[in-house]
Every structure is written in C-alpha cells, then in structure tokens.
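This report refers to the structure that appears directly beneath it.
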Amino acid sequence: MDFQRDSIRPLSNYETYLVVKQLHETNNERENGKRGKKGQNRTLEHCNFGLNTVTYETLKYLEQTPCIEQNPTILRQFYAEVKKFDLKKVE
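Encoded structure:
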C-alpha cells in the first residue's frame, strides 16, 4: 500500500479497535435516545443500520485478536524497539 501524503498513516488494530468501539458506543447511545420518538427519517435509519452492522462485525472480529490486550504503553515500547530497523511508516 502506498500513501501519497506523509501525514497519513494506517491505524494499528488496537487504534482501529478503539475508534470502532467508540463509534459503536456512540451509535448505541444515539439509538437509545431515539426510542419512542415519532417521525424518524427511514432513509437515515437504513444507512445507520448498515453502519451499525459494519461497526458491530468489525468490533466482534477485533475482540478475537490480541489487540484488545494492548495499550498505549505496550505500543510505545514496541515502536521504540523496532525503531532501530528504520522501517517505513506503513511497515
């Protein structure tokens, strides 16, 4: 994979897990707040259903990988140890 801009970098599985988990929790809170309201936009609900499905499936997949046991300290240590190999950001 080749990136055109240096400011863009891929996310680690741990970072992806955090983003997807936060998105999933936000969507759940929003859905719980909508219950009981009339006149909801069906098209928007359908789009959110698709997003919720992708979010849920991604979250369930990542929860079965070692990334859920990682934390920022572990990642910093790992980056410090592999820094000596002069890898590209993507690697």
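For the sequence shown, UniProt numbering assigns the number 1 to the initial residue and increments by one for each residue that follows. Beta carbons are placed, not taken as given, at the ideal position from N, Cα and C, and that holds for glycine. What you are looking at is a predicted structure, and each value in this text was computed from that prediction instead of being measured.
Taking C-beta atoms under 8 angstroms as the contact rule, Val20 and Leu51 fail to qualify, at a distance of about 11 angstroms. Of all C-beta pairs linking the stretch 64-72 to the stretch 26-35, fewer than three are shorter than 8 angstroms, placing the two stretches out of contact. Excluding residues up to 5 positions away in sequence, Thr55 lie with their Cβ nearer than 6 angstroms to the Cβ of Leu23 in the same chain. Per DSSP, reduced to three states, the secondary structure at Asn71 is coil, with no helix or strand assignment.
CA-CA distance, Phe85 to Arg76, rounds to 15 angstroms.
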